[in-house]
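Sequence order for the protein chains is A and B.
Using the working numbering, the first residue of the first sequence is number 1, and each one after it goes up by one.
Using the working numbering, the first residue of the second sequence is number 1001, and each one after it goes up by one.
One structure is given below, encoded as structure tokens.
2 protein chains.
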Amino acid sequence: MATTLTGTSIIGSSRGSKTAETFRGFDPTTGNEIEPAFHSAAFEEVDAAASLAEEARLEYGNLVCKERAKFLRAIADNVEALGDALIERASLETSLPNARFVGERARTCGQLRIFADLLDEGSWVDARIDHAIPDREPIPKPDVRSMLRPIGPAAVFCASNFPLAYSVAGGDTASALAAGCPVIVNAHTAHPGTAELVGLAVSKAVKECEMPEGIFSLLFSSGYEIGQALVRHPAIKAVGFTGSRKGGRALMDIAAARPEPIPVYAEMSSVNPTFILPNAMKERGDAIVAGLHASVTGGVGQFCTKPGLVFVPGESDTFISNFRSQIAATNPAPLLTGGIQKTYNTANSHRAGEVTNTIANEETNLHGFSVNPSVFETTAIEFLNTPDLNEEIFGPTTLLIRSNHHEELLKIALSLEGQLTASVHGTEDDLREYADLIKILETKVGRLILNGFSTGVEVCPSMVHGGPYPATSDGRSTAVGTRAIRRFSRFVCYQNFPQNALPEELRDDNALNIWRIVDGEFKR
Amino acid sequence: MATTLTGTSIIGSSRGSKTAETFRGFDPTTGNEIEPAFHSAAFEEVDAAASLAEEARLEYGNLVCKERAKFLRAIADNVEALGDALIERASLETSLPNARFVGERARTCGQLRIFADLLDEGSWVDARIDHAIPDREPIPKPDVRSMLRPIGPAAVFCASNFPLAYSVAGGDTASALAAGCPVIVNAHTAHPGTAELVGLAVSKAVKECEMPEGIFSLLFSSGYEIGQALVRHPAIKAVGFTGSRKGGRALMDIAAARPEPIPVYAEMSSVNPTFILPNAMKERGDAIVAGLHASVTGGVGQFCTKPGLVFVPGESDTFISNFRSQIAATNPAPLLTGGIQKTYNTANSHRAGEVTNTIANEETNLHGFSVNPSVFETTAIEFLNTPDLNEEIFGPTTLLIRSNHHEELLKIALSLEGQLTASVHGTEDDLREYADLIKILETKVGRLILNGFSTGVEVCPSMVHGGPYPATSDGRSTAVGTRAIRRFSRFVCYQNFPQNALPEELRDDNALNIWRIVDGEFKR
């Protein structure tokens, strides 16, 4: 499927105007711009997309789940049908290897199909039925039933670091569409061509499945204003975002200040503290070094689950020296954007002034958005006295912290902000001894990992990719896994409805054969 | 059980200080103060309560569910053991009849026991297990498991209109304690004596069950500052509130502006639109008049689900005249506070200047906080042109709106703000003809009722007492029914944990015999 990029927004079944304000993607390896020019959406186009979404809301939200499942599968098929053109464009815009995007495409289409399966199975709506008891004393019990229904049109912001899996047809879009919500996507400037290709694949599915056009729009823009206008728009009822703490908090504040505040699901900032306990260090320090190096440098360190703080026992000289050697031997590589590069370099310089032991590759002949990997080292006391060291540096760097005191680790754990993950490497003895550490970490994170690394997020029903602020804006939610659909749903209750006026999921005959709670009992 | 009121806050196992700033409850019938004086908590006491809650968080949150269930049952037993003293004090402070509090006490203790049952059954945690597949290609699948865990210490604000069921040991407290969260209650100035009695019953249960003292505190105060300090406190991780839109929004704004924003569950403001369709009006207008009158005047109109907007066909002269007669024949009655009385009278006067047909009892010799019930009447066009008419007036009043046009009703429905409920009275023919109206209302409310009235909220697994803003701050949640526990919970994921390090709910043996999703299948 050959597709010519036009660089204009997708507004329902129309294309956006060729406004004068344009921007281009970049090749991070060279830092050069890539054709074509993309036209920033006009404010009227935000209104137009939002109005279409509002118009489509009832029809799309009232489709039976199986129809929405077909649509999600059509999107996945169409994304795959883009073939090598998609892989090559994504690779060109990010300098990440083709193989990465073959994998990320599989994950993206897999996510769409997992939500399609969830819709086909049907029990996700948490249907509950309490039958009437007309002769109950002192007052009759009414017939009450409820289930999850769509929250309304959603705005989705593409992630810089997941051009496929958390962008136009990524996890936020898939879960919002699955829930029955129209979606307006705000493309990321780092990979506009990838966005247009995927956007066209979604649009094609909208037509093929005869869906109302307003359920999908894709807006390009070079600045923040269009995205902010989208979050302010009264038709928008929820927001999905993956990006920086500053960007996420800005959207949270805008959403909270609306006349009608709306939920924002921003996945923002995490240093993913990793604790290597004494016996594990002794028994398998070498294996941990290798795993840690892969986790810190994979995707050029641009994963939200990258271990950014690593606590090691005081006597870890060999481990630290091995890890430093591995980092020193790692080639420079380009980050996704010039902005990320600048932030990385500035933060690294700042940190080098704060901690006593630092190492960075000394390669100075760097092209495009390339940076050297780095590793910093400090003591627990220095760490506790320097709150800055808790801040995420996006890119291939981490901070090693030596501590020999159990109580000190507990104090550090208590002082941590909310995190997506925490990891603990320990033998059975270690885990017994540090059970209190794990209990504290549990209150700080969305996911706790034993004897493994935080990067690599399995897409499955039990996954929690969330965590207390500032890891996310809403620590009750997950951005990955089937529970992500709940972010775009709310419960609606039907009292005293005749069978034929009820949604299928709530009728007595349970023709969909879904699991429900009926008069207090799980059954189907 | 005879209890002497001391008028001091409860801070864990201690009592608050006898600060100089005091206030008293009122007898609404006379408007006179009631003894004793209650001492406003000091800011240090907010800190003390929050620190105790923070300290208790891990121990209480890690108790097995059955232990928390015993504690909730002990609270219910102790509330009942307060006997007539509780009923009489609540009645004295509100001028609502004893019988109302016998019922409300039953509901309160019933709620505590429903959550205890939920904990004993155990499936509420939404446990999910995905087993490892070590030989999966291209990468191994890890062992991933997750379940709901407590969100952390919660602040609960007592409701003026439910001195028992939505106050010290009411639905918010019960669901937060059930979820494993310590609770700090901010008492309402309208019924401080009732609050102290119930607070002592909770404290007694804390001691009897050997719970950490910090899981419960109760703060008295005459102003807003103490409650606001509580919401700002870093130890507090969620807020439950029932009250006015202004009060709820103020807490939402404070919570959103915190360095770490936290969820606020504020149940605020709803006019509960009620639609009487043409055939229903013809067939059973008289029965609807009687039901509507009871719903508008029950509890002196001080229910959040009171029907505040009633849409009737144009040719409803008999209905309207009957309803007006019934309102005219209804005795004045005291509202809960002088503030509510003043707001009611001001809003009624304002409304009388806005709409063409009004009626209010002419009784002028009113004592204490008493007011006359009232009814207003207007046309659909006037209604659409006067946004003020959407505002809730708390008390025994409603607005009748005549409309003869299907399209006009749809337009009105689309213009409505978020609501706790909407009700539709219609015959089978009506419901078929107005299916589009019901679809629109579904997007605006938490609960839709057919051929019934919105007051009276059944406490059951399927109940949704929520709705989009401004009905509540968080339209995804419910304040009533077992799903209310989710408000104080968040998902935590455990990756690669050995069996003995997992919470019982996530172990392979499922010794608790709870329903779980294991490798994608519901089972137990």
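Glycine included, each C-beta is placed from N, C-alpha and C at the ideal position.
Model, not experiment: these values are computed from the prediction.
For F275 (chain A), the enclosing beta strand (DSSP E) has its first and last residue at T274 to I276. Excluding five sequence positions before and after R113 (chain A), the CB atoms of its chain that fall closer than 8 Å to its own CB belong to L72, R73 and A76, given in chain order.
Closer than 7 Å at the C-beta level to chain A, one finds these residues of the segment 1500–1520 of chain B: A1501, W1515, I1517 and G1520. When Cβ pairs closer than 8 Å are counted between the two stretches, the segment 124–135 of chain A is seen not to touch the segment 191–211 of chain A, the count staying below three.
Interface with chain A (7 Å Cβ-Cβ cutoff): V1231 (chain B) is excluded. Residue range Q1419 to H1425 is occupied by the beta strand (DSSP E) that includes H1425 (chain B). Residue pairing by DSSP places L410 (chain A) opposite no residue, since no beta bridge is assigned to it. Inclusion of T1482 (chain B) and V1445 (chain B) in the CB contact set at 7 Å is not warranted, their separation being larger than that value. Annotation: K1306 (chain B) has no Cβ neighbours in chain A at a cutoff of 7 Å; minimum Cβ distance is about 16 Å.
Contact note: A1256 (chain B) reaches chain A through M252, D253, A255, A256, A257 and P261, using a C-beta cutoff of 9 Å and chain order. Contact residues of the segment 121–140 of chain A toward chain B are E121, S123, D126, A127, R128, I129, D130, P138 and I139 (C-beta to C-beta distance below 9 Å).
By the neighbour-count criterion, in which 16 or more other beta carbons inside 10 Å mark a residue as buried, Y1060 (chain B) falls on the buried side. Judged by pairs of C-beta atoms under 8 Å, the segment 1435–1455 of chain B does not touch the segment 1230–1249 of chain B, as fewer than three such pairs exist. Listed along chain B, no residue sits closer than 8 Å to P97 (chain A) by beta-carbon distance, the nearest being about 14 Å off. Take V1355 (chain B), set aside five residues on each side of it, and the residues of its chain with a beta-carbon closer than 8 Å to its own are F1376, E1377, T1378, E1382, T1386, L1389 and L1399, in chain order. The Cβ-Cβ distance between L230 (chain A) and A155 (chain A) falls below 7 Å.
Think of a sphere of 7 Å around the beta carbon of Y344 (chain A): no beta carbon from chain B falls inside it, the nearest being about 25 Å out. Excluding sequence positions up to five before and after A1179 (chain B), its CB lies within less than 6 Å of the CB of P1150, I1485, F1488 and S1489, all in the same chain and listed in chain order. Judged by beta-carbon spacing, A1280 (chain B) lies within the 7 Å limit of H1425 (chain B), meaning their Cβ atoms are closer than that value. For R149 (chain A), the enclosing beta strand (DSSP E) covers residues V144 to P150. Burial is judged here by how many other beta carbons sit within 10 angstroms of a residue's own beta carbon; L1414 (chain B) has fewer than 16 and is exposed. For G1243 (chain B) and A169 (chain A), the gap between their C-alpha atoms comes out near 41 Å. Here T1003 (chain B) carries a coil assignment [DSSP, helix/strand/coil]. In the DSSP assignment, I1010 (chain B) is bridged to B:R1015 and B:L1218.
Where S1321 (chain B) is concerned, the enclosing alpha helix (DSSP H) starts and stops at D1317 to A1328. For P36 (chain A), same chain residues with a beta-carbon under 7 Å away, outside a window of 5 residues either side, are L5 and G7 in chain order. Counting along the chain, G446 (chain A) sits inside the beta strand (DSSP E) bounded by residues V445 to L450.
Residue burial is scored here from C-beta neighbours: A1205 (chain B) has at least 16 other C-beta atoms within 10 angstroms and is therefore classed as buried. Taking 7 Å as the cut-off, the beta carbon of L277 (chain A) is found closer than this to the beta carbon of Y434 (chain A). Comparing alpha carbon positions, the residue from B:K1306, B:Y1344 and B:N1357 closest to S1321 (chain B) is B:N1357. Within the same chain, Cβ atoms closer than 8 Å to the Cβ of S1040 (chain B) are found at T1019, E1021, T1022, F1023, F1220, S1221, S1222, G1223 and I1226, the five residues on either side in sequence being excluded. Taking C-beta separations shorter than 7 Å and ignoring five residues to either side along the sequence, the partners of G1171 (chain B) in its chain run Q1111, A1165, A1479, V1480 and A1484, following chain order. Residues of the segment 1201–1219 of chain B with a C-beta atom less than 9 Å from some C-beta of chain A do not occur. Residue state for I139 (chain A) is assigned as coil, using DSSP reduced to three classes. DSSP, reduced to helix, strand and coil, places N279 (chain A) within a helical segment of the structure shown.
Straight across, the Cα-Cα distance linking D126 (chain A) with I1449 (chain B) is about 20 Å.
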